[in-house]
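So the sequence shown is residues 1 to 576, counted in the UniProt record's numbering. From the three backbone atoms N, C-alpha and C, an ideal C-beta is built for every residue, glycine too.
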Amino acid sequence: MAFGAWRHYPATGAVAHSQQLENVASYCPIACGNRTLTKKLDGVKNMITCFDFTSRAPNLEPSAELEVSADDSVTCLANLATKDGLIVFAGNGSSVDDRVKGQDTHFKAFELQVPKGKPASINFLSKTQLFSVPKNENARKEMYQRILKLSPPPRTAASTPTKRIGTIASGLGGDENEIVIFSATSNRPQAQDIIKRIKLSAGQEANDLDIWDQGEGRFQIAYCLDSDVYIQDVDYDFSKSKNRTESERRKVYTIPHPDAGARKGRSKVRSLRWLSPKHLVLLANKPNRTGVELLVLHMYEEGPGSIVSRKTLPAHVKAAVDFDVALLDADANGAYQIVVGVGGIDVSLSVYTIDYHGSAQDSLSHLYKYATYDEISAGSNKARHVIQTARTRQLYAGATYLVIAMVVAAVALMIQSLIDPEGSLTRGMIPAKFQNTAGNTFGEVHRAKRHAAVLNNADTPAIRAERRIRDLLHLHNPPMGSDAPQKEKAVVIHHDADAEELSTEVHEGGHEAVLKKHAQAKKWDDLSKEDQLLWKKKLSDAGMWAVEEGETILKSIFFGQIGGVIGGIAQGVIGG
1 MAFGAWRHYP ATGAVAHSQQ LENVASYCPI ACGNRTLTKK LDGVKNMITC
51 FDFTSRAPNL EPSAELEVSA DDSVTCLANL ATKDGLIVFA GNGSSVDDRV
101 KGQDTHFKAF ELQVPKGKPA SINFLSKTQL FSVPKNENAR KEMYQRILKL
151 SPPPRTAAST PTKRIGTIAS GLGGDENEIV IFSATSNRPQ AQDIIKRIKL
201 SAGQEANDLD IWDQGEGRFQ IAYCLDSDVY IQDVDYDFSK SKNRTESERR
251 KVYTIPHPDA GARKGRSKVR SLRWLSPKHL VLLANKPNRT GVELLVLHMY
301 EEGPGSIVSR KTLPAHVKAA VDFDVALLDA DANGAYQIVV GVGGIDVSLS
351 VYTIDYHGSA QDSLSHLYKY ATYDEISAGS NKARHVIQTA RTRQLYAGAT
401 YLVIAMVVAA VALMIQSLID PEGSLTRGMI PAKFQNTAGN TFGEVHRAKR
451 HAAVLNNADT PAIRAERRIR DLLHLHNPPM GSDAPQKEKA VVIHHDADAE
501 ELSTEVHEGG HEAVLKKHAQ AKKWDDLSKE DQLLWKKKLS DAGMWAVEEG
551 ETILKSIFFG QIGGVIGGIA QGVIGG
């Protein structure tokens with residue numbers, strides 16, 4: 001399962017799959033797929049298969065197919081939109097004999113034509129070799145094109161068309177793997193279209209890469225190894241087919257080494273995506289399948305970047321297999337919402353949202369959990385079609401009427417909140433207890449509930465997601481629409497030694513009132529080094545604090561110690 005290039009553009013794509021859809025790139029209402037070859041007599045051939053998703057037929061049928069080389073499966077796909085269809089680029093290697101001779105035409109191009117009123121067709125266009133020939137014979141035999149990415153197309157149909165670049169990365173090349181950046185203005189890219197080669201160090205292999213288009217021939221290519229993230233700037237003159245400036249790659253982040261004596265190893269960066277010109281989101285698998293994290297990395301003009309936000313996925317997601325990001329439409333200020341989808345090894349899909357506040361603020365919100373979908377792939381041993389009985393048909397009809405009633409009520413609520421906040425038009429349709437709620441926007445209702453839940457220590461998903469120290473210290477903002485003077489409050493973090501978990505409260509009256517109840521509370525600088533290390537581990541394990549945030553944020557917190565064992569409280573004073 002994968003989300004190869006899930007984008008917020010009209011629904012078109014290129015798909016790579018092995019018995020199931022595995023790689024989707026959305027650019028127009030067509031999808032192309034590859035089926036991998038098996039050595040069995042009844043095995044599935046290497047095919048590029050196209051599907052038309054504009055059809056409203058109950059079953060999805062192929063609209064065009066083409067059998068490709070029997071020597072190698074299609075490992076990656078990407079596409080360029082044309083007037084009548086797509087140009088499909090694919091990674092599909094030559095035979096073993098040709099590869100050993102250094103003649104691996106791994107980069108292939110196909111043309112999909114979808115003329116109006118006529119059947120669709122897909123045809124071979126060209127093949128070429130963009131990777132350098134490895135010196136090692138085993139590397140020549142095993143190396144393949146494992147990643148193919150194109151710079152994003154314009155986000156709206158009204159946007160000015162832009163010239164695009166592409167990147168490919170090799171795998172199983174031993175000490176000779178590389179990344180190749182090329183101009184994607186031709187439907188038959190050749191060696192002269194190569195913009196830059198990035199040689200990787202011995203044994204390194206790019207896990208993923210992504211491209212950000214800065215306009216006017218300037219691009220940023222981000223790629224990740226197991227523990228490192230790099231940025232390569234490109235400044236290319238398409239009219240002259242040459243680089244305006246040359247720059248070296250720069251390392252912007254390294255996964256920290258574990259503390260001395262720690263049993264666990266380092267997390268591995270599996271994938272990454274651009275969120276804004278200065279922000280990346282990293283997908284990191286913890287060692288030994290112990291969990292998954294999303295890390296938001298902020299880059300600076302010089303020097304390394306820093307992790308400004310992180311989200312630990314639910315415990316049932318032991319490892320992630322892939323993820324992708326959709327940047328939704330921007331408003332007049334350049335602000336937009338981002339949707340992040342993560343595919344877990346347990347066949348689950350976790351969806352999160354994050355807000356970009358525009359170039360003026362150049363900041364992001366925290367990641368918020370939107371939904372989780374379990375067992376999204378039915379698998380070979382589960383039914384996909386169920387024969388209806390008279391009983392199930394009655395249940396289906398009843399459910400249909402219930403859904404219709406719910407939709408009518410929802411529409412009435414939206415009408416009232418948008419054009420009738422007083423409720424005069426919908427008073428007969430909406431119960432009285434919902435009238436006031438309908439007059440508020442969703443954001444106002446959600447924020448008000450979230451604020452009230454925090455103050456009352458409510459154990460809800462929305463609040464658990466916000467229980468980071470940085471968030472808690474900002475809860476002094478008065479409720480929306482309130483003109484009352486701000487009162488000093490103190491955050492209290494309890495540690496339950498039996499359950500090995502932390503919980504939070506907010507008390508009015510500041511730290512003096514809290515200290516009357518918890519006389520042993522100490523400031524961060526007053527704690528011993530041993531206690532500081534214990535608290536760091538507790539807070540980090542709970543997802544409330546990250547090493548990259550530094551100790552400064554902890555200096556406004558009060559900590560408790562009982563009998564030499566951390567077990568009591570931490571108070572942070574806010575407001576005032």
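According to DSSP, is residue 552 helix, strand or coil? Position 552 of the sequence shown holds residue 552. DSSP places residue 552 in helix when its eight states are reduced to three.
Span separating the alpha-carbon of residue 193 from that of residue 232: As a working mapping, residue 193 is identified with position 193 in the sequence shown. As a working mapping, residue 232 is identified with position 232 in the sequence shown. Approximately 18 angstroms between the Cα atoms of the pair.
Please report the distance separating the alpha-carbon of residue 283 from that of residue 360. Locating residue 283 in the sequence shown gives position 283, counting from the first residue. Locating residue 360 in the sequence shown gives position 360, counting from the first residue. Rounded to the nearest angstrom, the gap between the Cα atoms of residue 283 and residue 360 is 27 angstroms.
Can you grab the Cα-Cα spacing for the pair residue 286 / residue 164, in whole Å? Stepping through the sequence shown from its first residue, residue 286 is reached at position 286. Stepping through the sequence shown from its first residue, residue 164 is reached at position 164. Each residue's Cα considered, the two are about 35 angstroms apart.
What does a CB cutoff of less than 7 angstroms around residue 219 pick up in its chain, not counting 5 residues either side in sequence? Numbered from its first residue, the sequence shown carries residue 219 at position 219. Spatial neighbours of residue 219 in its own chain (CB-CB distance under 7 angstroms, excluding positions within 5 residues in sequence) are listed in chain order as 151, 165, 211, 212, 213 and 234.
Let me make sure I understand the geometry here. Which of 91, 63 and 357 has the alpha-carbon closest to that of residue 76? Numbered from its first residue, the sequence shown carries residue 76 at position 76. Nearest option by C-alpha distance: 91.
Taking the beta carbon of residue 145 as the centre, do at least 16 other beta carbons fall within 10 Å, making it buried, or is it exposed? Residue 145 sits at position 145 when you count from the first residue of the sequence shown. Residue burial is scored here from C-beta neighbours: residue 145 has at least 16 other C-beta atoms within 10 angstroms and is therefore classed as buried.
Have a look at 253, 109 and 301 and flag the residue whose alpha-carbon is nearest the alpha-carbon of residue 93. The residue you call residue 93 lines up with position 93 of the sequence shown. Closest option to residue 93, Cα to Cα, is 109.
Work out the CA separation of residue 254 and residue 297 for me, nearest whole Å. Against the sequence shown, residue 297 aligns to sequence position 297. Against the sequence shown, residue 254 aligns to sequence position 254. Taking the straight line joining both Cα atoms gives about 11 angstroms.
Below 8 angstroms between beta carbons: does that hold for residue 125 and residue 64? Locating residue 125 in the sequence shown gives position 125, counting from the first residue. Locating residue 64 in the sequence shown gives position 64, counting from the first residue. Not closer than 8 angstroms, so no.
In the DSSP assignment, find the unbroken beta strand (DSSP E) run with residue 68 in it and report its ends. The count along the sequence shown starts at 1 and reaches residue 68 at position 68. Looking at the DSSP string, residue 68 is not in any beta strand (DSSP E), and its letter there is neither H nor E.
On a Cα-Cα basis, can you pick out the residue from 127, 362, 315 and 311 that is closest to residue 335? For the purposes of this step, residue 335 is identified with residue 335 of the sequence shown, where counting begins at 1. Closest by alpha carbon: 362.
Kindly give me the distance between the Cβ atoms of residue 266 and residue 279, rounded to whole angstroms, as I take these residues to be in contact under 8 angstroms. Translated into positions along the sequence shown, residue 266 becomes position 266. Translated into positions along the sequence shown, residue 279 becomes position 279. The beta-carbon separation of residue 266 and residue 279, rounded to 23 angstroms, does not stay under the 8 angstroms limit for a contact.
Thinking C-alpha only, which one of 45, 184 and 190 is nearest residue 106? Reading the sequence shown from its first residue, position 106 is the one you call residue 106. It is 190 whose Cα lies nearest to the Cα of residue 106.
Quickly, what does DSSP pair residue 283 with across the bridge? List them, please. Stepping through the sequence shown from its first residue, residue 283 is reached at position 283. Beta-bridge pairing links residue 283 to 271 and 294.
From residue 138 to residue 102, what distance separates their C-alpha atoms? Taking the sequence shown and counting its residues from 1, the one referred to as residue 138 is at position 138. Taking the sequence shown and counting its residues from 1, the one referred to as residue 102 is at position 102. Using only the alpha carbons, I get a separation of about 11 angstroms.
Any idea if residue 184 is buried or exposed, counting beta-carbon neighbours within 10 angstroms, 16 or more meaning buried? As a position in the sequence shown, residue 184 is number 184, starting the count at 1. In summary, residue 184 is buried, with 16 or more beta-carbon neighbours lying within 10 Å of its beta-carbon over all protein chains present.
Below 8 angstroms on the Cβ atoms is my guess for residue 340 versus residue 323; work out the distance and round it to an integer in Å. What you label residue 340 is simply residue 340 of the sequence shown in a count that begins at 1. What you label residue 323 is simply residue 323 of the sequence shown in a count that begins at 1. Contact flag correct, Cβ pair sits at about 7 angstroms.
Spatial neighbours of residue 302 within its chain, please: CB distance less than 8 angstroms, with the 5 preceding and 5 following residues excluded, ordered by chain position. Here residue 302 refers to the residue found at position 302 of the sequence shown. If we look at residue 302 and ignore the five residues flanking it on each side, it has no Cβ neighbours.
Counting along the chain, where does the beta strand (DSSP E) carrying residue 208 start and finish? Locating residue 208 in the sequence shown gives position 208, counting from the first residue. Note, residue 208: beta strand (DSSP E), 208 to 215.
Residue range of the alpha helix (DSSP H) that includes residue 540: Counting from one through the sequence shown, the residue named residue 540 turns up at place 540. Looking at the DSSP string, the run of the alpha helix (DSSP H) that includes residue 540 is 529 to 541.
Quick check on the DSSP output: the alpha helix (DSSP H) that includes residue 96 runs from which residue to which? To locate residue 96, count along the sequence shown from 1; it is residue 96. Unbroken alpha helix (DSSP H) run through residue 96: 96 to 100.
Could you check whether residue 344 and residue 315 sit closer than 8 angstroms to each other, using their CB atoms as the reference points? By 1-based counting over the sequence shown, the position of residue 315 is 315. By 1-based counting over the sequence shown, the position of residue 344 is 344. No. Outside cutoff.
Report buried or exposed for residue 542, applying the criterion of at least 16 other Cβ atoms within 10 angstroms of its Cβ. On the sequence shown, residue 542 is found 542 positions in, with the first residue counted as 1. With 16 or more other Cβ atoms within 10 Å, it is buried.
Reference residue 203; option with closest CA among 225, 221 and 197: As a first step, residue 203 is located in the sequence shown; it is residue number 203 there, counting from the start. Of the candidates 225, 221 and 197, the one whose C-alpha sits nearest the C-alpha of residue 203 is 225.
Name the one or two DSSP bridge partners that residue 61 has. Start at 1 with the first residue of the sequence shown, and residue 61 comes out as number 61. According to DSSP, residue 61 bridges with nothing at all.
Would you say residue 580 and residue 229 are within 8 angstroms of each other, going by their C-beta atoms? Any answer about residue 580 is impossible in this case: the structure gives the chain only from 1 up to 576.
With residue 120 as the anchor, note down where its beta strand (DSSP E) starts and where it stops. Looking up residue 120 in the sequence shown gives position 120. No beta strand (DSSP E) contains residue 120, which DSSP labels as neither H nor E.
For residue 222, the three-state DSSP class (helix, strand or coil): One-based indexing of the sequence shown puts residue 222 at position 222. The answer is strand: DSSP assigns residue 222 an E or B state.
In chain order, each beta strand (DSSP E) run of at least 3 residues that lies wholly inside the stretch 306 to 364: 306 to 312, 320 to 327, 336 to 344 and 349 to 356
Per-residue DSSP class, three states only, for residue 129: For the purposes of this step, residue 129 is taken as residue 129 along the sequence shown, with counting starting at 1. Coil, per DSSP.
Would you kindly report the start and end of the unbroken alpha helix (DSSP H) that includes residue 140? Within the sequence shown, residue 140 is the residue found at index 140, counting from 1. Secondary structure note for residue 140: its alpha helix (DSSP H) is the uninterrupted segment 137 to 142.
Using a Cβ-Cβ cut-off of 6 angstroms (strictly less than) and excluding sequence neighbours within five positions of residue 269, which residues of its own chain qualify? Counting from one through the sequence shown, the residue named residue 269 turns up at place 269. For residue 269, where only same-chain residues beyond five positions count, the Cβ hits under 6 angstroms are 224, 282 and 284.
For residue 50, tell me which candidate among 66, 56, 243 and 57 has the shortest Cα-Cα distance. The count along the sequence shown starts at 1 and reaches residue 50 at position 50. Nearest C-alpha to residue 50: 66.
Bridge partners of residue 183, per DSSP? Along the sequence shown, one-based indexing puts residue 183 at 183. Partner(s): 165.
Helix, strand or coil: which one does DSSP assign to residue 52? Here residue 52 corresponds to residue number 52 of the sequence shown, with the count starting at 1. Residue 52: strand per DSSP, three-state reduction.
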